[in-house]
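Undergrad: If you scroll down you'll find the structure; I have some questions about it.
Numbering (our numbering), first residue to last: 1432 to 1623.
This is how it looks when you write it as structure tokens:
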């Protein structure tokens, strides 16, 4: 277990992945487009869309590195962006209709998320101090506190904050990715 945490936290490996992530994502999209099945298409689209909406909501709520964000989805859970990303990608992976691949993705994403959040929380504790420590004590890391859904601050949305965080680009990339996959699913029978 420690070896896995060490690998996911290794600075050189993280830097290498940043360099190759775009080609890796493009190859993964091509594979999904070729091997994807339509059996779970509607469920996959819904799950992925929910994940993307969580991410965009985070982008519209979060002022990075300047203030402690306790509004929008950050009232419900400390790390909603990672939960949204999990569901966004899960939707694509569901198109492979293989529970083993879904399980492997879930395990890999768990280790990625835990290690990434550990590094971020350490940095945020130093940056934001006691208010952040209090926030951590009262808001769970990954499990949403659903009893907070009815607070007024939960429904926060700021278009300028979203634009500052490039949330619109994130949304457009997700939309374009789904368009490529759906086009491939539509055209593939003509190519085979």
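We treat Cβ as the ideally placed atom computed from N, Cα and C, and that holds for glycine.
Give, in chain order, every unbroken run of the alpha helix (DSSP H) that is at least 4 residues long and sits entirely within the region 1479-1566.
TA: Here the runs fully enclosed are 1511-1525, 1530-1559.
Undergrad: Span of the alpha helix (DSSP H) holding residue 1593?
TA: The residue given as residue 1593 occupies position 162 in the chain shown. Counting along the chain, the alpha helix (DSSP H) containing residue 1593 begins and ends at 1590-1595.
Undergrad: With a threshold of 16 other CB atoms inside 10 Å of the CB of residue 1483, please say whether the residue is buried or exposed.
TA: In the chain shown, counting from the first residue as 1, residue 1483 sits at position 52. Under this definition residue 1483 is a buried residue.
Undergrad: From this set, 1450, 1584, 1511, 1500, which residue's C-alpha is nearest residue 1544's C-alpha?
TA: Taking the chain shown and counting its residues from 1, the one referred to as residue 1544 is at position 113. Closest by alpha carbon: 1511.
Undergrad: My understanding is that residue 1612 touches residue 1460, with C-beta atoms under 8 Å, so please give their C-beta distance in whole angstroms.
TA: Reading the chain shown from its first residue, position 181 is the one you call residue 1612. Reading the chain shown from its first residue, position 29 is the one you call residue 1460. The pair is a contact, with the Cβ atoms about 7 Å apart (cut-off 8 Å).
Undergrad: Once the 5 residues before and after residue 1559 are set aside, which same chain residues still bring their CB inside 6 Å of it?
TA: The sequence position of residue 1559 within the chain shown is 128, counting from 1. So the list reads 1499, once near-sequence residues are dropped.
Undergrad: On the three-state DSSP scale, how would you describe residue 1609?
TA: Stepping through the chain shown from its first residue, residue 1609 is reached at position 178. It is helical.
Undergrad: Report the option in 1573, 1588, 1618, 1561 whose CA atom is closest to the CA atom of residue 1540.
TA: As a working mapping, residue 1540 is identified with position 109 in the chain shown. Residue 1540 has its Cα closest to that of 1573, out of 1573, 1588, 1618, 1561.
Undergrad: Between the Cα of residue 1627 and those of 1593, 1610, 1618, spot the shortest distance and give me the residue it belongs to.
TA: This structure cannot settle anything about residue 1627, because the visible part of the chain is limited to 1432 through 1623.
Undergrad: Say whether chain D places a C-beta atom closer than 8 Å to the C-beta of residue 1489.
TA: No chain D appears in the structure shown, which is made up of a single protein chain.
Undergrad: Buried or exposed for residue 1581, please, with buried defined as at least 16 other CB atoms from any protein chain shown within 10 angstroms of its CB.
TA: Stepping through the chain shown from its first residue, residue 1581 is reached at position 150. Exposed, by the Cβ-count rule.
Undergrad: Assuming the contact rule is C-beta atoms closer than 8 Å, residue 1519 and residue 1479 should be a hit. Round their C-beta distance to whole Å, please.
TA: In the chain shown, residue 1519 corresponds to position 88, counting from 1. In the chain shown, residue 1479 corresponds to position 48, counting from 1. Indeed they touch by this definition, with Cβ atoms about 5 Å apart.
Undergrad: How should residue 1508 be labelled, buried or exposed, when 16 other C-beta atoms within 10 angstroms of its C-beta is the threshold for buried?
TA: The sequence position of residue 1508 within the chain shown is 77, counting from 1. So residue 1508 counts as buried.
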